Amino acid sequence: YALERLAQDNPDQRQTMVDVICAYLRMPFPAQAPGRTAAPSERERRRRPGGPSQATSYVADDEWEQEKQVRLTAQRVLANHVRRPGKGQGQADASPERFWDNLRLDLTDATLIDFNLTDGTVADALFGGATFSGDARFDRATFSGDARFDRATFSGVARFDKATFNGDAWFDGATFSGVAWFDGATFNGDVEFGGATFERRSNSISLAGVLIRSSDNNHVWPEGWQPQDNGTGGLTVVRANGTTSL
């Protein structure tokens, strides 16, 4: 919170503050609470003074929960400041003075819990190799630069409904355990889904109403999906059987 207040009062320091928070979220953290291990008894400590178990074997669940809450706070700080005025699902934080424009998020290989960037606007967004524990929400988000989700793991539902990708978007090698929703999304650059895995069932991705504005043919869609002329000078994405739903 101190970093947040510093950045709020010093616009030229905002990207630096965001970089610090992103670096913290990139630190290793288990997505699930580790099993509680027994603390060594007093007798055991006397018998094995300085043994490794005394320093490393005991990880309490409540310590994991405390760290999780700090991480959730860090995620909220980021999300609150990338929502444009009038956005933010009615939250008071979505006001002109609270919006920090043109931020770059580097959350490569980060562990993110119930991550919610709904209505967010960011520049380059680097989520390559990130682990999304719980649902991940990017509804109506705008990526003004490149968006990298290559090798990311989504353990719950991944929502990108009506998101706008103004740069290239990479989802190659990503793993989706739940349904991936891209309904109404707009891609203005290249799209890459090569090697993406959908574990819930085959083709568990919805691309209904997706609009492709790039004239290049460097797009790689999930198996069973293909672009189709929408009759208005653009392309939409449909399944091989001509439908747009799951």
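Start counting the sequence shown at 35; every next residue gets the next number (this note's numbering). Every residue gets a Cβ at the ideal spot worked out from N, C-alpha and C, and that includes glycine. Please read these numbers as outputs of a predicted model, since none were measured by experiment.
- Proline 261 carries a strand assignment under DSSP once its states are collapsed to helix, strand and coil.
- By the neighbour-count criterion, in which a residue is buried when 16 or more other Cβ atoms sit within 10 angstroms of its Cβ, leucine 137 is buried.
- Bounds of the beta strand (DSSP E) holding threonine 270 are 269-273.
- For aspartate 143, the closest C-alpha among the options Val271, Gly229, Ala230 and Tyr58 is that of Tyr58.
- Leucine 245 is bridged by DSSP to Thr220 and Thr270.
- In the DSSP annotation of this structure, threonine 107 is not part of any beta strand (DSSP E); the continuous alpha helix (DSSP H) holding it starts and ends at 95-114.
- Nearest Cα to phenylalanine 149 within the set Asp202, Phe133 and Arg193: Arg193.
- With a threshold of 16 other beta carbon atoms within 10 Å, valine 54 falls short and is exposed.
- The beta carbon of threonine 187 is closer than 6 Å to those of Thr165 and Thr209 in its chain, skipping five residues each way along the sequence.
- Ranking Asn44, Ala36, Glu99 and Arg247 by CA distance to the CA of threonine 198 puts Arg247 first.
- Pairing glutamate 257 with arginine 60, the inter-Cα distance amounts to about 31 Å.
- If you compare the alpha carbons of Gln262, Asp43, Asp96 and Arg117 with that of aspartate 173, the shortest gap goes to Arg117.
- Judged by beta-carbon spacing, arginine 185 lies beyond the 8 Å limit of leucine 160, meaning their Cβ atoms are not closer than that value.
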